[in-house]
Every structure is written in C-alpha cells, then in structure tokens.
Ligand code: GAL
C-alpha cells in the first residue's frame with residue numbers, strides 16, 4: 001500500500017475565493033488527504049432544520065477536483081448554541097456536580113438520548129448527501145472521544161442509563177448486585193436499581209466495585225454513541241470509517257470502539273504531550289523539549305495499530321508549536337520529518353498535519369499550521385514536502401509481526417485508577433515503563449488486546465498489571481509457545497472487584513506463585529535489587545515453589561519462574577526493568593541491541609528505521625545520526 005500524507009482543513013474559516021488555491025498548494029506539497037467538516041455544525045445548520053450544505057458541497061468539489069481525497073468528519077463534538085435550547089440537560093456534569101456548559105467544545109453527555117438522536121440526525125444528513133460522492137474517500141466519527149475529560153459524566157441522564165445498565169448486568173436481581181459489590185460493608189445495600197446513585201459526592205471514597213462498574217458503563221456509552229454514527233454511514237457509503245483517538249486517554253475501551261471501524265487514527269502532539277502526559281522528570285523534559293519523548297509516540301503507534309486491526313493513521317500530526325501545553329516550544333528542524341517517518345515505520349497508512357493554515361482567531365491562534373496565518377509557508381510544509389518525496393522513492397513498508405507482545409487492557413487501567421493504593425500509580429505508567437525498557441534494548445513491540453487467544457509467532461508476551469484476568473485468558477497464556485511474564489497485580493481482583501480468596505492471587509494454572517502481601521512505596525524509598533536497579537512504587541511479597549530469577553538485596557523474591565511462565569511482583573526503575581528484559585531475552589534467545597541515549601530502532605519485515613530523538617548527533621551501529629535524524633535501511637544491509 002502506498003503511504004500518504006494529508007492535512008486538516010477548515011474551509012468555513014476562510015473566504016471561498018482562496019479554497020482552490022489552498023487545494024492546489026496542498027496537492028503541490030505532495031498531500032493526498034484533506035480532512036474537513038468536523039466542527040462546522042453552526043455553518044451547516046445555523047438554526048434548527050435550516051440546512052446550508054451548499055458551501056460544503058462546493059468545498060468538497062474544489063478539493064476533489066484538485067486531486068485530493070476527502071476525509072469527512074461528523075461535527076458532533078461541537079453542537080451549536082441552539083442545541084442547548086432544544087436539550088437544556090444535554091451537557092455533561094463533572095465530578096463536583098457542575099454543568100460543563102457551552103462556549104468551547106465536547107459539551108455533551110454520551111448518555112443524553114436527545115443528543116444521541118441529534119447526532120444520528122446530522123450524521124444521516126451527511127451520509128445521504130455524500131455517501132456516494134466519489135471525492136469522499138473516508139469518514140471520521142465525531143472528534144477525539146474523551147478529549148477534555150469528557151467520557152465520564154455525572155448527569156441525570158447518565159444516572160438513569162447507569163441504573164438500566166446495571167439492571168441488565170445483574171438480570172434484574174438487586175440482591176446479586178449487593179452480594180457482588182459487598183454492599184453489606186458500611187450498610188450500603190440497595191433495595192432497587194433505582195436507588196443507585198452515581199459514585200460522586202459521597203462523604204468518603206465510594207465502593208470501588210461501584211466506581212469500576214460506572215467506568216465500564218461510561219466506556220460502553222462511548223461505544224454505543226460511535227456505533228450509532230457508523231451504522232448510518234455504512235448504510236450509505238462503502239468508504240472506510242475512522243475515529244481519531246488521543247495520547248494517553250484511556251477512559252473508554254478503544255478496542256471496542258475500534259471493532260466498529262475500519263481504521264484507527266490518532267492525534268500526535270509530541271511536544272504538547274511531553275510535560276503532562278509522559279510523566280518524565282524535569283531533566284528529561286528539558287532534554288527532549290523540542291523533540292518529544294522517544295517512546296511516547298511509538299507506544300501509541302503500536303497500540304493503535306492493534307486497535308485498528310492493522311489499519312491506522314496519524315490524523316493530526318503536530319506541525320510546529322501548539323498552544324495548549326504548559327510550555328510550547330518549536331520543534332527542532334527535522335522533527336516533523338522524523339515524526340512522520342516514525343509513524344510509517346510502525347505501519348501507518350497516512351500522516352496528516354494539523355492544520356493547513358494557522359487560525360488568526362479564537363482558541364488556537366498560537367497553534368502552528370503548515371502555513372502561517374498570512375498564507376506564507378511555515379516550516380512544516382517544507383518538511384512534509386521532503387517526506388512526500390522520500391516515501392515516493394522508498395520501498396513499501398512491509399507489515400511485520402514483532403517478536404514481543406504486550407497485552408493492553410483498558411479495564412485494567414480503570415481498575416488501577418479506581419484503586420491505585422498509592423500516589424502516582426497507574427496501569428498506563430507501568431506499561432509505559434516496561435515498553436520503554438524493551439525499546440532501550442532495541443526490541444520492536446506489538447500490543448494485543450485482552451480478548452486475544454492466539455499468540456502464535458511471539459517469543460515473549462508481557463501481561464503486566466491485568467488486575468482482572470478472564471479464566472480463559474489465564475488458560476490460554478498457560479499454554480502458548482512464548483514465555484509469558486505476568487504481574488505485578490495480575491488477577492488481583494475478580495470481575496466484580498473483589499479479592500479472590502481461594503486461592504489468593506494470581507492463581508495462575510502453571511505457576512506456583514502467591515502474592516501474600518503487597519506494599520506501595522514513596523518515590524524516595526526504592527528497594528534495591530540484587531543485580532541492578534530497584535523496585536519502586538509497588539512491591540509484592542511472593543510465596544511459592546517457582547524458581548527465583550530476580551530478588552531484592554535482602555533476598556526477597558521479585559521475579560519467579562516455572563518453565564515458560566514468569567511472575568514479576570514489582571514495578572521497577574529503568575535498571576530493574578532492563579534486567580528483567582535482558583533476563584527474559586536470554587531465556588528465549590531474543591537478540592537485543594542496546595540503544596544509545598535518545599536513539600530508537602523500529603524493525604519492519606524488510607527494513608530497520610533508526611531515529612535520533614536527542615538534540616545532538618549520536619554515533620550508532622548504522623553511523624552517526626544527526627540531531628532529529630531518521631534513517632532507514634534494508635535489513636539485509638546489516
Ligand atoms: C486536537 C483536536 C484538534 C485541535 C488540536 C490542537 O486535540 O482534535 O481539533 O484542537 O488538538 O492541537
């Protein structure tokens with residue numbers, strides 16, 4: 001498949017006279033795709049039922065005539081002001097009970113039935129009008145589900161829908177819910193599903209079973225909202241349907257949304273993410289301020305490749321400084337090219353830059369585009385042109401199965417958030433630290449979802465932090481060719497968030513290890529390991545007859561193995577996780593390649609891609625890579 005580039009365009013922001021020239025310049029820069037429409041509702045329907053789609057017809061025509069393919073976005077993340085008059089209770093409500101009102105975007109509650117109908121109505125208008133339009137080559141549902149913390153809403157609509165959801169889960173049996181949640185504790189027993197409120201505004205913490213159920217429900221609401229749009233589009237168009245996910249947003253199960261879509265896309269803002277989402281220390285933030293974290297983008301590329309069942313794009317690529325992070329530096333020259341090539345190395349079909357021209361008005365005035373607000377070229381278009389020329393000449397990136405898989409489970413992320421047991425502990429953080437260790441050792445990685453039962457072709461599978469594990473996942477993992485590393489916190493809760501008691505966790509079929517006690521650690525009290533590094537943050541006491549592979553300096557087992565089954569009872573620092581990766585690689589004969597600081601490697605079936613994320617040249621086994629350098633070569637050249 002030919003890899004392609006694109007951009008995000010807002011014809012409604014610019015005079016119609018310049019559309020054709022914009023389109024010509026996009027094409028000239030080597031772009032294939034242009035995404036439009038996703039925020040345009042107030043111009044398409046300025047007052048209820050007064051449809052003004054003529055301008056959008058012309059915009060699609062102009063772009064298509066210029067040779068561009070259109071991704072058409074549904075405008076449901078930005079309902080116009082009149083919608084609030086029609087549905088005054090459509091807004092989401094925050095944990096403090098405050099209404100999240102009009103004046104920016106994403107001001108709707110996923111559970112509001114009236115708004116769901118409005119979303120279906122506008123989607124149907126789009127689908128009927130453009131379903132057969134040959135320029136519309138892909139669709140996007142809504143925009144960034146979960147952006148601005150919008151999955152979870154404590155509205156009246158959410159409460160009613162949650163009660164109905166629970167009633168279905170427990171087949172109408174309130175005593176079953178009381179028993180499953182342990183509501184005898186603190187006399188929390190309910191007499192009817194209608195008694196159950198949302199788990200906010202309680203005096204102290206609500207029951208974790210209640211919280212976890214509410215998070216599962218909230219995720220299901222996103223899945224249902226998305227599915228409603230997809231079904232309508234499908235009825236009128238055979239073009240693929242996508243959604244643009246985000247970095248480190250885990251409030252809904254992306255795999256389940258992805259089940260209804262042909263393509264997963266995500267919005268990659270490497271510099272924007274660095275401070276708030278990556279969680280790096282200040283020194284690292286300074287070192288990578290103009291490049292972004294060397295592993296954060298790659299992790300999402302790999303994760304969304306799994307969410308997209310192999311088909312995925314970057315729908316929004318940072319083109320220069322953004323406007324929304326604590327600090328907003330410019331990328332080093334070369335980074336826009338590096339980020340683009342990195343996406344292709346991980347299998348992206350397309351990379352689209354956000355946005356075409358910088359907007360001189362409203363919230364994102366200081367967000368760079370490919371063009372400046374006066375239409376003069378900005379740095380990003382220069383690098384995009386280089387990328388377009390390079391991908392046209394280079395061989396096709398071949399699909400590739402990595403030697404190592406990580407099982408990624410959104411439900412586990414909610415479980416850790418529901419009961420972290422210590423500050424700064426998160427499932428995503430644990431997975432990210434392990435992912436980083438694999439990458440520091442030159443390993444390419446696949447993510448797989450927790451419903452996966454076929455692990456064929458992997459040498460090593462990591463299943464960290466899966467607080468609940470389905471019995472058949474346990475049996476499947478006990479029986480595969482790969483070596484499997486579980487823990488910490490594996491199978492620590494049953495499906496309803498209780499500790500299984502007989503036997504105690506993790507109760508894995510082929511591994512005699514029991515977690516007899518656990519502790520969480522202050523960041524300034526690491527526990528030294530005997531070989532290298534430390535256990536940090538989260539540490540379990542392990543009992544059992546399995547062989548000890550790693551231990552603390554005082555001799556407490558930390559990693560235990562029985563044949564191919566391995567349990568790790570700690571969150572570790574970089575040296576600790578490096579030791580774990582190296583220990584496991586040796587057991588399965590997986591060759592490692594130690595990466596110099598800031599340098600990363602991604603393999604495909606036929607090539608190696610090297611990336612230098614550091615701000616200075618670095619010597620590597622493929623030669624000196626300049627700052628922000630990216631190099632690809634045939635594997636046979638090794
Ligand atoms: C994304 C969003 C875009 C734009 C961009 C700015 O999260 O989808 O609409 O706001 O951020 O960086």
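Numbering (the working numbering), first residue to last: 1 to 638.
Each residue gets a CB set at the ideal place from its N, CA and C atoms; glycine is no exception.
| query | Can you name the start and end residues of the alpha helix (DSSP H) that residue 584 belongs to? | reply | Counting along the chain, the alpha helix (DSSP H) containing residue 584 begins and ends at 574-588.
| request: Less than 8 Å between the CB atoms is what I'm expecting for residue 466 and residue 409, so what's the real figure, rounded? | output: 5 Å
| Would you call the segment 533-542 and the segment 416-431 touching, i.e. three or more CB-CB distances under 8 Å? | yes
| request: Can you check DSSP and say which residues form a bridge with residue 428? | output: Paired residues: none, contrary to the question.
| First through last residue of the beta strand (DSSP E) which encompasses residue 57 | That residue, residue 57, is in no beta strand (DSSP E); its alpha helix (DSSP H) goes 54-65.
| said: For residue 244, report the span of its beta strand (DSSP E) as first-last. | reply: 241-245
| query | When DSSP labels each residue in this structure, what does residue 304 get in the three-state scheme? | reply | helix
| field | Outcome for residue 187 when other beta-carbon atoms lying within 10 angstroms are tallied against a minimum of 16 | value | exposed
| Separation of residue 343 from residue 415, as counted between CA atoms | 30 Å
| said: Is residue 269 close to the ligand GAL? I mean its beta-carbon at under 8 Å from any heavy atom of the ligand. | reply: yes
| said: Which complete beta strand (DSSP E) runs does the segment 8-47 hold, if anything under 3 residues is left out? | reply: With a minimum length of 3 residues, the continuous beta strand (DSSP E) runs that stay inside the segment 8-47 are 33-36.
| said: In the DSSP output, what is residue 483 paired with across the bridge? | reply: Here residue 483 is bridged, per DSSP, to 460.
| request: Check residue 140 in the structure and name its three-state DSSP category. | output: DSSP places residue 140 in strand when its eight states are reduced to three.
| Does the separation of the CB atoms of residue 640 and residue 77 fall below 9 Å? | This structure cannot speak to residue 640, because the chain is shown only from 1 to 638.
| query | Would DSSP call residue 229 helix, strand or coil? | reply | helix
| Candidates 145, 348, 214, 477: closest to residue 249 by CA position | 145
| message | For the segment 55-62 against the segment 2-20, do three or more pairs of beta-carbon atoms, one drawn from each stretch, fall closer than 8 Å, so that the two count as touching? | response | Yes: at least three Cβ pairs fall under 8 Å.
| What is the residue span of the alpha helix (DSSP H) that residue 447 lies within? | For residue 447, there is no enclosing alpha helix (DSSP H); the residue is found in the beta strand (DSSP E) stretching over 445-448.
| If we count Cβ pairs, one from each stretch, closer than 8 Å, do we get three or more for the segment 322-334 versus the segment 289-301? | yes
| Under three-state DSSP, which class holds residue 369? | coil
| message | Distance check for residue 625 and residue 631, CA to CA, integer angstroms please. | response | Rounded to whole angstroms, residue 631 to residue 625 spans 8 Å at the Cα level.
| field | residue 500 versus residue 406: straight-line alpha-carbon distance, rounded | value | Distance between the alpha carbons of residue 500 and residue 406: 24 Å.
| request: Helix, strand or coil for residue 525, going by three-state DSSP, please let me know. | output: Correct three-state label for residue 525: coil.
| request: State whether the segment 260-278 contacts the segment 163-182, with contact taken as three or more CB pairs (one from each stretch) at a distance under 8 Å. | output: no
| message | Taking only three categories from DSSP, how would you classify residue 362? | response | coil
| Going by Cα to Cα distance, which pick from 481, 300, 617, 392 is closest to residue 432? | For residue 432, the closest alpha carbon among the candidates 481, 300, 617, 392 is that of 300.
| query | For residue 467, does the three-state DSSP call read helix, strand or coil? | reply | Three-state result, residue 467: coil.
| query | Quick one: is the Cβ of residue 367 within less than 8 Å of any heavy atom of the ligand GAL? | reply | yes
| said: Does the structure place the segment 573-589 close enough to the segment 602-612 that three or more beta carbon pairs sit under 8 Å? | reply: No, the segment 602-612 does not touch the segment 573-589.
| request: Could you work out which residue in 559, 542, 505 is closest to residue 549 when comparing CA atoms only? | output: 559
| task | Sort 474, 450, 441, 47 by Cα distance to residue 303 and report the nearest one. | result | Distances from the alpha-carbon of residue 303 to those of 474, 450, 441, 47 put 450 closest.
| task | List the DSSP bridge partners of residue 568. | result | 559
| Backbone secondary structure at residue 73 - three-state DSSP | strand
| Between 222, 458, 327, 315, which lies nearest to residue 140 when the distance is taken from Cα to Cα? | 315
| request: Return the residue from the list 190, 205, 221, 117 that minimises the CA-CA distance to residue 161. | output: 221
| query | Got a sec? Which residues, its chain only, sit under 8 Å from residue 521 by beta carbon, not counting five neighbours each side? | reply | Leaving aside the five residues that flank residue 521 on each side, the residues in its chain whose CB is nearer than 8 Å to its CB run, in chain order, 422, 527, 535, 536, 537, 538, 539.
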